[in-house]
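Protein chains in written order, with this note's numbering: chain A, 40 to 154; chain B, 102 to 213.
Please read the structure below before turning to the comments.
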């Protein structure tokens with residue numbers, strides 16, 4: 040069982056509200072990722088981090104922002120939520136480098152609905 | 102950037118039959134190809150992976166094959182069981198531990 044946790048699991052929020060999705064891992068992984076998952080299943084990388092104070096935009100443009108102040112914590116923030124932000128958000132982590140056993144471990148996801 | 106295509110998008114098989122999912126990738130520099138299984142309400146979980154220095158890998162009922170020349174790789178599930186019903190994703194990256202580009206997913210339904 041992966042030691043990566045996302046909270047909340049479900050969130051329904053009104054348009055214009057600021058929200059933060061939490062992601063924490065206890066595996067000491069340097070690399071962390073945020074993926075957005077469509078209702079049609081596809082996973083799109085929106086942010087990643089290769090270590091503390093390192094954040095990069097992913098392949099899919101997103102209005103969200105992230106921070107990486109501590110190794111174990113990689114929160115995602117939406118300053119002003121809109122209905123177009125409604126989606127499932129998945130956090131993942133992996134070890135750095137090209138060693139064996141460097142699989143990405145995923146959290147259970149946060150299903151966000153903006154009304 | 103990398104582009105990964107996955108087919109089919111849905112697959113229905115009878116229990117005990119085999120299931121095959123195919124993926125192609127575009128970046129010849131990719132050398133790590135994991136497969137993830139996502140059950141309802143859960144995050145994806147790695148089931149098998151293959152690196153570019155091997156052509157085939159097997160783990161009990163699941164196997165993955167890789168053709169680097171053609172830039173495609175496949176997942177094979179034999180003797181399917183109802184608990185194999187899930188969404189399966191292929192992915193590619195330039196190294197294990199690096200960011201993954203996922204295929205579009207295959208929803209597999211195993212009928213008892």
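All residues carry an ideal CB built from backbone N, CA and C; glycine is no exception.
No experiment lies behind these values; they were computed from the predicted model shown.
Contacts that residue i makes with chain A (C-beta to C-beta distance below 9 Å)
i: residue 135/B; result: 142, 143
Supposed contact pair residue j and residue i - C-beta distance, whole angstroms, cut 8 Å
i: residue 208/B; j: residue 110/B; result: 7 Å
i: residue 86/A; j: residue 105/A; result: 4 Å
i: residue 142/A; j: residue 185/B; result: Not a contact, Cβ separation roughly 20 Å.
i: residue 133/B; j: residue 196/B; result: 6 Å
i: residue 148/B; j: residue 191/B; result: At roughly 11 Å, the Cβ-Cβ gap does not stay under 8 Å, so residue 148/B and residue 191/B are not in contact.
i: residue 129/B; j: residue 212/B; result: Between residue 212/B and residue 129/B the Cβ distance is about 39 Å, and since that is not below 8 Å, they are no contact.
i: residue 110/A; j: residue 48/A; result: With 8 Å as the limit, residue 110/A and residue 48/A do not qualify as a contact, their Cβ atoms being about 23 Å apart.
i: residue 189/B; j: residue 138/B; result: 6 Å
i: residue 145/B; j: residue 145/A; result: 5 Å
i: residue 176/B; j: residue 136/B; result: 5 Å
i: residue 206/B; j: residue 106/B; result: Rounded, the Cβ-Cβ distance is 11 Å, inconsistent with contact.
i: residue 181/B; j: residue 116/B; result: 6 Å
Partners in chain A for residue i, counting only beta-carbon separations shorter than 8 Å
i: residue 158/B; result: Ordered by position in chain A, no residue passes the 8 Å Cβ test against residue 158/B, which lies about 13 Å from the chain.
Proximal residues of chain B, C-beta to C-beta of residue i below 8 Å
i: residue 81/A; result: 203, 205, 206
i: residue 50/A; result: Result: empty, since nearest Cβ-Cβ is about 15 Å, beyond 8 Å.
Cut-off 8 Å between Cβ atoms - residues of its own chain near residue i, not counting five sequence neighbours on either side
i: residue 107/A; result: 71, 88, 90, 91, 92, 93, 94, 113
i: residue 210/B; result: 111, 112, 113, 114, 186
i: residue 50/A; result: 58, 60, 149, 150, 151, 152
i: residue 76/A; result: 82, 83, 126, 127, 128, 129, 148
Residues near residue i by beta carbon distance below 6 Å, same chain, minus five either side
i: residue 158/B; result: 151, 165
i: residue 153/B; result: 132, 169
i: residue 122/A; result: 153
i: residue 99/A; result: 83, 85
i: residue 59/A; result: 114, 116
i: residue 108/B; result: 123
i: residue 101/A; result: 85
i: residue 156/B; result: 167
i: residue 63/A; result: 44, 111, 112
i: residue 46/A; result: 61
i: residue 193/B; result: 103, 105, 126, 131, 134, 202
i: residue 55/A; result: 119
Chain B residues whose Cβ lies nearer than 9 Å to that of residue i
i: residue 42/A; result: Here the premise fails: no neighbours, minimum Cβ distance about 12 Å.
i: residue 26/A; result: Past the boundaries of the shown model lies residue 26/A; chain A is included only from 40 to 154, so the question cannot be answered.
Cross-chain neighbours of residue i in chain B, by beta carbon under 7 Å
i: residue 64/A; result: Ordered by position in chain B, no residue passes the 7 Å Cβ test against residue 64/A, which lies about 12 Å from the chain.
i: residue 146/A; result: 144
i: residue 84/A; result: 200
Chain-order list of residues whose beta-carbon lies under 7 Å from that of residue i (same chain, five-residue window excluded)
i: residue 68/A; result: 132, 133, 134
i: residue 118/A; result: 57
- Listed in chain order, which residues of the segment 138-151 of chain B have Cβ atoms closer than 9 Å to some Cβ of chain A? 139, 142, 143, 144, 145, 146, 147, 150
- Message: Any C-beta of chain A within less than 8 Å: which residues of the segment 163-191 of chain B qualify?
- Response: 188, 190
- Name, going along the chain, the residues of the segment 115-126 of chain A whose beta-carbon falls closer than 7 Å to a beta-carbon of chain B. none
- Message: Beta carbons nearer than 9 Å to chain B: which residues of the segment 90-107 of chain A have them?
- Response: 95, 97, 98
- Residues from the segment 117-128 of chain B in contact with chain A, defined by Cβ distance under 7 Å: none
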